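J.: Okay, handing you the structure first.
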Amino acid sequence: MSTLTKAGIVDYIYERTDKNRAEIKDLVETILEVMKKSIKKDHALLISGFGKFEAYDKRARKGRNPQTTQTITLPPRKVVVFRLSRKFRAELNP
Numbered sequence: 004m005s006t007l008t009k010a011g012i013v014d015y016i017y018e019r020t021d022k023n024r025a026e027i028k029d030l031v032e033t034i035l036e037v038m039k040k041s042i043k044k045d046h047a048l049l050i051s052g053f054g055k056f057e058a059y060d061k062r063a064r065k066g067r068n069p070q071t072t073q074t075i076t077l078p079p080r081k082v083v084v085f086r087l088s089r090k091f092r093a094e095l096n097p
């Protein structure tokens, strides 16, 4: 199993279009920037037929340093979760 990287996405598109690699790289960067801005601003990004990215706040919580077993307080933070669309889930699990 291998991981698809941003460079892999650029290569995949490059092989299937007549655009040059630099144009495709800029396009991929722009799409990712739009996605990041949407999640930061609206806390959600819905891509029909694919899924939904949602950001939410996690409260501060108690944790433990596994090396020293000292109890620490982990600060509040934002996390992003991804939920598959029903259509994509059906394709994944026929």
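In the working numbering, the protein residues as written are 4 to 97. Glycine is no exception: its CB is placed at the ideal position from the N, C-alpha and C atoms. Predicted, not measured: the structure shown is a model, and the values here were computed from it.
In terms of residues, what are the limits of the alpha helix (DSSP H) holding Gly66?
T.: Sequence index remark: in the sequence shown, residue 66 carries index 63 (1-based). Here Gly66 belongs to no alpha helix (DSSP H); instead the beta strand (DSSP E) covers Arg64 to Arg67.
J.: When the Cβ atoms of the stretch 12–30 are set against those of the stretch 41–55, are three or more pairs found closer than 8 angstroms?
T.: Result no; under three Cβ-Cβ pairs closer than 8 angstroms.
J.: Could you check if Ile27 is buried or exposed, using at least 16 other CB atoms within 10 Å of its CB as the buried criterion?
T.: Counting from 1 along the sequence shown, the entry for residue 27 is found at position 24. Buried: at least 16 other Cβ atoms inside 10 Å.
J.: I'd like the span of the alpha helix (DSSP H) that includes Leu30, first residue to last.
T.: The residue labelled residue 30 in the question sits at position 27 within the sequence shown. Residues Arg24 to Asp45.
J.: In terms of alpha-carbon separation, which member of Val83, Lys90 and Glu18 lies closest to Phe56?
T.: In the sequence shown, counting from the first residue as 1, residue 56 sits at position 53. If we check each option's Cα against that of Phe56, Val83 comes out closest.
J.: If I measure Cβ to Cβ from Ile98 and keep anything under 8 angstroms in the same chain, skipping five residues before and after, which residues do I get?
T.: Outside the shown range of the chain, which is 4 to 97, sits residue 98, and nothing can be said about it.
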